[in-house]
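All remarks here apply to the structure that follows.
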Amino acid sequence: MTTTSEVLSPQQLLSFHEDGYLVLPNFVDDGACLTLRERALQLAKDNVPSPQEATIFTADASAQHAADQYFLTSGDKIRCFFEKDAFDENGVLRSEAHLSLNKLGHAMHDLDPVFGAFSRTPQMAAVAQQIGLVDPLLLQSMYIFKQPRIGGEVNSHTDHTFLWTEPQSVIGFWIAIDDATTENGCLWALPGGHRIPVKSRSKLNQSRTATITEVFDKDPYPSEGLVPLEAARGTMVLLNGTLPHRSGPNLSDKPRHAYTVHVIDGQANYLSDNWLQRPHLAMRGFSN
Ligand code: FE2
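Following the working numbering, the numbering of the sequence shown begins with 336 at its first residue and continues without gaps.
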C-alpha cells in the first residue's frame, strides 16, 4: 500500500533512472480519463480557428508550422492544431473540425478547470517530488488526438530539444486517455537512451518569428532498440527529457487520445529563446 507522498516504489524509481522512462498502469481511473476526453472534445469545438487562422500541424520533416505566429504564441493559450491530411487538396476540411485535430495546446492545465484538476492531483505531485523535481512547474499541456487513419507519426526526438532548461529538467507526464497500441500509434522509447547527449536544440531565431535548430551531433538517434510502450487507458508514462522517443501513425480505425504535461524544475533556468513563452501567464506548480 503506497501513500500519497510515495506513489512510486524504490524499484520503480530505480527503473525510471535506469531506463529514462517508466510505465505506470492504472495511474488515473477511467472516469477521470473519460471526463477529460469529453472536455477536450468540447474545447476543440469551442476553439476551432477560422480557416484563415488554421495551422496545419504536422511533426514531419516538411512541417512549416514553426514560422506561424499562431503556434509560436500558443504557450499561454488554448489553441487547435490540425492534421495535415485533415484537409483535401483544396484546403477544405474533410470532416468536422474537432475530428480533424492533431492536438490542443498549450496551456489547458492553467486555463481550463477540468484540465487543471486532472493535471494537479496529489499523485502527480508526489511523482514529481519522488523523481527529484525540487520546484516543479507545469510548463505545457497538450491533448493529442491521434485520429483514426489520419493521426500522423511523431519522429524520434527528445523533449529537452524543444523545452530547454539549464540544467536539463523537463519531464513528460504522458497519460493514455484511450488504449494505445502498436496499431493506433503508441509511444516507442529507447531504454537508457537518456544518457545519449542531446543532439540538437530548437530555439527562436533572432527576430523571434520562427524556430531554428542548433545541431550538436548530426548523426540521428539509433533507429534500432526502441521498444513499444503499449498503454491501457489511465496508464501514465514518465519520460526523461533527454530520452529519445517517437510515436507511430494511427493506421487503425480506433482513436488514440493522450494527454501530456511537461514539467520543469523552477530551480533550473528556462531559456528566453525557447519557442514556448508565457508572457501573460506565470507558471505554477502542483499545489499553488
Ligand atoms: Fe515528446
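Beta carbons are placed, not taken as given, at the ideal position from N, Cα and C, and that holds for glycine.
Span separating the alpha-carbon of residue i from that of residue j
i: residue 497; j: residue 576; result: 9 Å
i: residue 367; j: residue 553; result: 42 Å
i: residue 340; j: residue 432; result: 41 Å
i: residue 482; j: residue 436; result: 8 Å
i: residue 408; j: residue 476; result: 14 Å
i: residue 375; j: residue 542; result: 33 Å
i: residue 468; j: residue 460; result: 10 Å
i: residue 525; j: residue 479; result: 21 Å
i: residue 614; j: residue 607; result: 11 Å
i: residue 610; j: residue 587; result: 32 Å
i: residue 580; j: residue 501; result: 21 Å
i: residue 360; j: residue 569; result: 7 Å
i: residue 556; j: residue 491; result: 7 Å
Neighbourhood of residue i by C-beta, 7 Å cutoff - its chain only, sequence neighbours within 5 removed
i: residue 547; result: 538, 540
i: residue 565; result: 515, 516, 517, 521
i: residue 351; result: 357, 466, 573
i: residue 535; result: 496, 548, 549, 550, 551
For residue i, the residue or residues it bridges with in DSSP
i: residue 475; result: 597
i: residue 537; result: 548
i: residue 416; result: 438
i: residue 430; result: Per DSSP, none; premise fails for residue 430.
Close beta carbons around residue i, own chain, < 6 Å, minus the five adjacent residues each side
i: residue 505; result: 494, 495, 498, 576, 597, 599
i: residue 560; result: 525
Whole-number beta carbon distance between residue j and residue i, since they are thought to touch under 8 Å
i: residue 513; j: residue 592; result: 5 Å
i: residue 327; j: residue 571; result: Outside the displayed range of the chain (336 to 623) lies residue 327, so it cannot be described from this structure.
i: residue 415; j: residue 383; result: 6 Å
Contact set for residue i: own chain, Cβ-Cβ below 8 Å, skip 5 residues either direction
i: residue 533; result: 493, 495, 496, 503, 551, 577
i: residue 527; result: 353, 354, 355
Residue i beta carbon near ligand 2 (any heavy atom closer than 6 Å)
i: residue 494; result: Ligand 2 is absent from the structure shown, which contains only ligand 1.
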